[in-house]
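Asks: Sequences listed follow chains B and A, in order. Numbering-wise, the first sequence is residues 1 to 444 according to UniProt numbering. Numbering-wise, the second sequence is residues 1 to 166 according to UniProt numbering. This is the structure I want to talk about, given as structure tokens.
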Amino acid sequence: MTSSQNIFKTNEGAQEMRARSEISAKEILREVGSVLRMSEAEVANLGQSSGDSDEDQTMIINMGPQHPSTHGVLRLMLELQGETVLRCKPIIGYLHTGMEKTGEELTYMQGGTNVTRMDYLSPLNNELVFSMAVEKLLGIENDIPQRAVWMRMLLSELNRMSSHLLFLASNGMDLGAVSMMLYGWREREEVLRFFQKVTGLRMNHNFIRPGGVAADLPAGWRSDVLEILEMLPGRLAEYDILMTDQPIWRERLQGVGVITADEALALGTSGPILRSTGVAWDLRRDQPYLHYEKMEFDVIVGSYGDAFDRYAIRINEIRESMRIVYQVLDNMPKGDYRIQNKKVTPPPRARIDESMEALIHHFKIFTEGFKVPEGEVYVAIESPRGEIGCYIVSDGGPKPYRIHMRAPSFVNIQALPHMMRGGLVADAVAVISSIDPVLGEVDR
Amino acid sequence: MSDHEGAAEAQPMLHGCPLTDSHGQAVVHPSRAQYVALLKKLLDSGYAMCSDLTAVDFLTHPGRSLPEGVVAERFEIVVNLTAIASRDRIRLRVQVPESDTTIASLFDLWPGTEAMEREVFDMFGISFDGHPDLTRILMPEDWDGHPLRKDYEIGRIPVQFKGAHS
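Here it is as structure tokens:
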């Protein structure tokens, strides 16, 4: 950070929510507007009609960033009147590590290792969207071998299951069903064990790469998947007994954190949050990628837009993912697992021992990377949390000129103030949990 | 894609803005003056969701291909819209000059862009007129500079080798 005319002092003011006495009436309209994402007219209307009162009756408290139920380092500033939440402002950035800047320094070959760490609960979906964007820029998106495409679908759906299982665990924990924490992690572990067998790693796999996947499925993969699929229905039925059918569980979630379809669309939310309001929008069905148009599955929608709907959507999406995985098992073709395009595929290990050219090619592809034609592209897929998008601008070199990830959690947590308004502070935890944010991708 | 106007040979236009195709995706290039009016029209025509808003700094890559009539500037605001009913997507690329890094805010059309615009402000130093709370979002509030600009130098931490002979 040295000689640049663009380094100037900035004073945009504090990110924190300020007390009502510190700001003028006009400012409070703007601030409440920004916090509640409303226009000034709506806020002015609301200020007169609702229970918003003088400052001596309200209190601003901090929740997080180290609160155990904030799923990482989310910090919320809550303005309370008694037990009721009036304003709420999420303050993020505690996990910001400049991953988009880092992405500009990594070749397309290395980029997967970077994006996979953003949403660390669904790493394979991150890799998938990144690989699809690079393939689109290269113009090889239709040449990916069939086995690789079906493997991607298998891994993507299993990853959705593991992510939702962890949601069930943390959702249960946040609401006091502590035993659910253990059960959710236990089932997720079975899926991660399969990932470890296939990719070598439990998380952050860098397995789906531009051009295909890194390796073929190991021997005995089919029985491993079947074991998971046979284990899960019984366990999901147990969850229904433990949570879904419990009056306490329902009381705790129904009618909490309500959001309407119009609000959800205006706020740009996606995934289970948008679907809980009744909007049947699932990119797997509505803008199909891979082979999802050939799959038979249902898009689960809610009708009340509350935390219970979001819970029910996720538990049922596990069942739908299982349906898709069964169909993938029936259709998995034989063949190559990565494209045989010299430009993006390193030569096989055996060739390196025989051929000097192969050795040079291998060396160059891993040190310099491959060049990608100039252009820009935005690819979006359905991650467990919603629409994950990857916008890449290429200048024709081996590294992305700009890589931007549209992180679903980043957009979804901006709906928090809206969901919390007028609710009880005890329900705040339930609302955060029902958004299922991953702070790794919020802050990137 | 589907609803563009204009003759076959001439530059296709959408609501008076050049329309191009990038790998099968529709891209519109409005000027800053046309920006909000165009988005209002797109919102009314069914693009109910603003999926993404980001920016690109083209400082070290000036010669990119743009349709005729669009002058390349240093910054570009990129907006991705989604139409739920027609299952369609459209992208906007707006040129923002280095000398005047301001553009209108979309807060009144899509309140969800509030955080995205804050991120662009934080990372690129582009201010949004009419934004209710333009503060840094990811970086600390007393940070200097805007990290995703191309002339922002990446810091280096000197590596020390403990006990190594120099």
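Heads up, the beta-carbon is just placed ideally off N, CA and C, and yes, glycines get one too.
Determine, using beta-carbon pairs with one atom in the stretch 17-37 of chain A and one in the stretch 51-63 of chain A, whether at least three such pairs fall under 8 Å.
Replies: Result no; under three Cβ-Cβ pairs closer than 8 Å.
Asks: I'd like to know whether the C-beta atoms of Met-39 of chain A and Leu-134 of chain A end up nearer to each other than 7 Å.
Replies: Position 39 of the second sequence, counted from the start, is the residue given in the question as residue 39 of chain A. Position 134 of the second sequence, counted from the start, is the residue given in the question as residue 134 of chain A. It should be noted that the sequence gives Leu, not Met, for residue 39 of chain A. No.
Asks: Less than 7 Å between C-beta atoms, sequence neighbours within five positions excluded: which residues of the same chain meet that for Arg-152 of chain B?
Replies: On the first sequence, position 152 is the one that residue 152 of chain B refers to. Same-chain partners within the cutoff: Leu-128, Ile-208, Val-213, Leu-290.
Asks: Do Gly-172 of chain B and Ile-403 of chain B have their CB atoms nearer than 7 Å?
Replies: Position 172 of the first sequence, counted from the first residue, corresponds to residue 172 of chain B. Position 403 of the first sequence, counted from the first residue, corresponds to residue 403 of chain B. Cβ atoms of Gly-172 of chain B and Ile-403 of chain B: not closer than 7 Å.
Asks: Looking at C-alpha atoms only, which residue of B:Asn-62, B:Ile-324, B:Leu-175, B:Leu-74 is the closest neighbour of Asp-427 of chain B?
Replies: In the first sequence, residue 427 of chain B corresponds to position 427, counting from 1. When only C-alpha atoms are compared, the closest one is B:Leu-175.
Asks: Taking Phe-410 of chain B as the reference, which of B:Met-59, B:Leu-267, B:Gln-196 has the closest Cα?
Replies: If you number the first sequence from 1, residue 410 of chain B lands on position 410. It is B:Leu-267 whose Cα lies nearest to the Cα of Phe-410 of chain B.
Asks: Is the Cβ of Val-56 of chain A closer than 7 Å to any Cβ of chain B?
Replies: Numbered from its first residue, the second sequence carries residue 56 of chain A at position 56. Answer yes: the Cβ-Cβ gap between Val-56 of chain A and chain B drops below 7 Å somewhere.
Asks: Measure the Cβ-Cβ separation of Leu-106 of chain B and Val-425 of chain B and say whether it is below 7 Å.
Replies: Locating residue 106 of chain B in the first sequence gives position 106, counting from the first residue. Locating residue 425 of chain B in the first sequence gives position 425, counting from the first residue. No, the pair does not count as a contact, with Cβ atoms beyond the cut-off.
Asks: Any residues in the stretch 135-159 of chain A with a beta carbon nearer than 9 Å to a beta carbon of chain B? Which ones, in chain order?
Replies: Correct list: Thr-135, Arg-136, Ile-137, Leu-138, Met-139, Pro-140, Glu-141, Asp-142, Trp-143, Asp-144, Gly-145, His-146, Pro-147, Leu-148, Arg-149, Lys-150, Asp-151, Tyr-152, Glu-153, Ile-154, Gly-155.
Asks: Have a look at Gln-11 of chain A and Glu-76 of chain A and give me their C-alpha separation to the nearest angstrom.
Replies: Here the question's residue 11 of chain A lines up with position 11 in the second sequence. Here the question's residue 76 of chain A lines up with position 76 in the second sequence. Looking at the two C-alpha atoms, the distance is approximately 21 Å.
Asks: Relative to the alpha-carbon of Gln-57 of chain B, which residue among B:Ile-381, B:Gly-82, B:Met-63, B:Thr-113 has its alpha-carbon at the smallest distance?
Replies: As a position in the first sequence, residue 57 of chain B is number 57, starting the count at 1. Minimum Cα distance to Gln-57 of chain B is reached at B:Gly-82.
Asks: Relative to the C-alpha of Ala-83 of chain A, which residue among B:Gly-423, B:Thr-367, B:Leu-166, B:Asp-282 is closest?
Replies: On the second sequence, residue 83 of chain A is found 83 positions in, with the first residue counted as 1. Selected option, being the one with the closest Cα: B:Asp-282.
Asks: Between the stretch 114-130 of chain B and chain A, which residues of the former have a C-beta closer than 7 Å to a C-beta of the latter?
Replies: For the stretch 114-130 of chain B, which is checked against every Cβ of chain A, not one residue is closer than 7 Å.
Asks: Which residues in chain B sit within 8 Å of Arg-87 of chain A, going by Cβ to Cβ distance?
Replies: Here residue 87 of chain A refers to the residue found at position 87 when the second sequence is read from its first residue. Asp-286, Gln-287, listed in chain order.
Asks: From what residue to what residue does the beta strand (DSSP E) around Asn-80 of chain A run?
Replies: As a first step, residue 80 of chain A is located in the second sequence; it is residue number 80 there, counting from the start. Here the beta strand (DSSP E) through Asn-80 of chain A covers 75-83.
Asks: Near Glu-387 of chain B, what residues of its chain come up, given a Cβ to Cβ distance below 8 Å and the 5 sequence neighbours on each side ignored?
Replies: Residue 387 of chain B sits at position 387 when you count from the first residue of the first sequence. Hits under 8 Å: Ser-270, Gly-271, Leu-283, Ala-380, Ile-381, Arg-406, Pro-408.
Asks: Roughly how far, in whole angstroms, is the beta-carbon of Arg-385 of chain B from the beta-carbon of Leu-168 of chain B, given that I think they are within contact range, below 8 Å?
Replies: If you number the first sequence from 1, residue 385 of chain B lands on position 385. If you number the first sequence from 1, residue 168 of chain B lands on position 168. Not quite, the Cβ-Cβ distance comes to about 14 Å (not below 8 Å), so this is no contact.
Asks: List the residues of chain A whose Cβ lies closer than 7 Å to the Cβ of Leu-267 of chain B, in chain order.
Replies: For the purposes of this step, residue 267 of chain B is taken as residue 267 along the first sequence, with counting starting at 1. By Cβ distance, chain A contributes Pro-111, Gly-112.
Asks: What does His-404 of chain B pair with, by DSSP beta-bridge criteria?
Replies: What you label residue 404 of chain B is simply residue 404 of the first sequence in a count that begins at 1. Paired residues: B:Tyr-391.
Asks: So Thr-54 of chain A is in the beta strand (DSSP E); what residue range does that whole segment cover?
Replies: In the second sequence, residue 54 of chain A corresponds to position 54, counting from 1. Residues 49-57.
Asks: Based on the DSSP secondary-structure assignment, which residues constitute the bridge partners of Asp-262 of chain B?
Replies: Mapped onto the first sequence, residue 262 of chain B falls at position 262. Answer is none; Asp-262 of chain B lacks a bridge partner.
Asks: In this structure, does DSSP put Ser-2 of chain A in helix, strand or coil?
Replies: Locating residue 2 of chain A in the second sequence gives position 2, counting from the first residue. Legend: pLDDT at Ser-2 of chain A = 44, less than 50; position of this residue unreliable, value from coordinates given subsequently. In this structure, Ser-2 of chain A counts as coil in the three-state DSSP scheme.
Asks: Among residues of its own chain, excluding the 5 on either side of Tyr-337 of chain B, which ones have a beta-carbon nearer than 6 Å to its beta-carbon?
Replies: For the purposes of this step, residue 337 of chain B is identified with residue 337 of the first sequence, where counting begins at 1. Once the five neighbours on either side are set aside, the close Cβ partners of Tyr-337 of chain B are Arg-147, Ala-148, Gly-212, Val-213, Asp-216.
Asks: Who are the near neighbours of Asn-206 of chain B in its chain, counting only those whose CB is closer than 6 Å to its CB and skipping five residues on each side?
Replies: Here residue 206 of chain B refers to the residue found at position 206 when the first sequence is read from its first residue. Same-chain partners within the cutoff: Gly-112, Thr-113, Thr-116.
Asks: Between Phe-370 of chain B and Pro-348 of chain B, which are expected to be in contact by the criterion C-beta below 8 Å, what is the C-beta distance as a whole number of angstroms?
Replies: Indexing the first sequence from 1 puts residue 370 of chain B at position 370. Indexing the first sequence from 1 puts residue 348 of chain B at position 348. Not really, about 17 Å apart at Cβ, beyond 8 Å.
Asks: Does DSSP put Ser-105 of chain A in a helix, in a strand, or in coil?
Replies: Stepping through the second sequence from its first residue, residue 105 of chain A is reached at position 105. Coil, per DSSP.
Asks: So Arg-444 of chain B and His-71 of chain B are supposed to be a Cβ contact under 8 Å. How far apart are they, rounded?
Replies: Walking along the first sequence from the start, residue 444 of chain B turns up at place 444. Walking along the first sequence from the start, residue 71 of chain B turns up at place 71. The pair is not a contact, with the Cβ atoms about 15 Å apart (cut-off 8 Å).
Asks: Under a three-way DSSP split, which group does Asn-159 of chain B fall into?
Replies: As a first step, residue 159 of chain B must be located in the first sequence, where it is residue number 159. Three-state result, Asn-159 of chain B: helix.
Asks: Hey, would you say Asp-122 of chain A sits closer than 7 Å to Ser-105 of chain A, going by beta carbons?
Replies: On the second sequence, residue 122 of chain A is found 122 positions in, with the first residue counted as 1. On the second sequence, residue 105 of chain A is found 105 positions in, with the first residue counted as 1. Contact: no.
Asks: Kindly identify the DSSP beta-bridge partner or partners of residue 451 of chain B.
Replies: The structure shown does not extend to residue 451 of chain B, since chain B spans only 1 to 444, so no value can be given for it.
Asks: Are His-418 of chain B and Glu-263 of chain B close, meaning C-beta to C-beta below 7 Å?
Replies: By one-based count along the first sequence, residue 418 of chain B stands at place 418. By one-based count along the first sequence, residue 263 of chain B stands at place 263. In contact: His-418 of chain B and Glu-263 of chain B (Cβ atoms closer than 7 Å).
Asks: Quick check: the Cα distance between Ser-127 of chain A and Glu-230 of chain B, rounded to an integer number of angstroms?
Replies: By 1-based counting over the second sequence, the position of residue 127 of chain A is 127. By 1-based counting over the first sequence, the position of residue 230 of chain B is 230. Cα to Cα, the separation comes out at about 54 Å.
Asks: So, is the C-beta of His-23 of chain A closer than 7 Å to a C-beta in chain B?
Replies: Here residue 23 of chain A refers to the residue found at position 23 of the second sequence. Judged by the 7 Å Cβ criterion, His-23 of chain A is in contact with chain B.
Asks: Give the residues of chain A in contact with Tyr-391 of chain B, contact being defined as C-beta atoms less than 8 Å apart.
Replies: Here residue 391 of chain B is taken as the residue at index 391 of the first sequence, counted from 1. Within 8 Å Cβ-Cβ: Asp-52, Thr-54, Val-78, Asn-80.
Asks: Rounding to the nearest angstrom, what Cα-Cα distance links Ile-259 of chain B and Ala-350 of chain B in this structure?
Replies: Translated into the one-based positions of the first sequence, residue 259 of chain B becomes position 259. Translated into the one-based positions of the first sequence, residue 350 of chain B becomes position 350. Whole-angstrom Cα-Cα distance: 58 Å.
Asks: Using DSSP's beta-bridge definition, name the partner residues of residue 173 of chain A.
Replies: This structure cannot settle anything about residue 173 of chain A, because the visible part of chain A is limited to 1 through 166.
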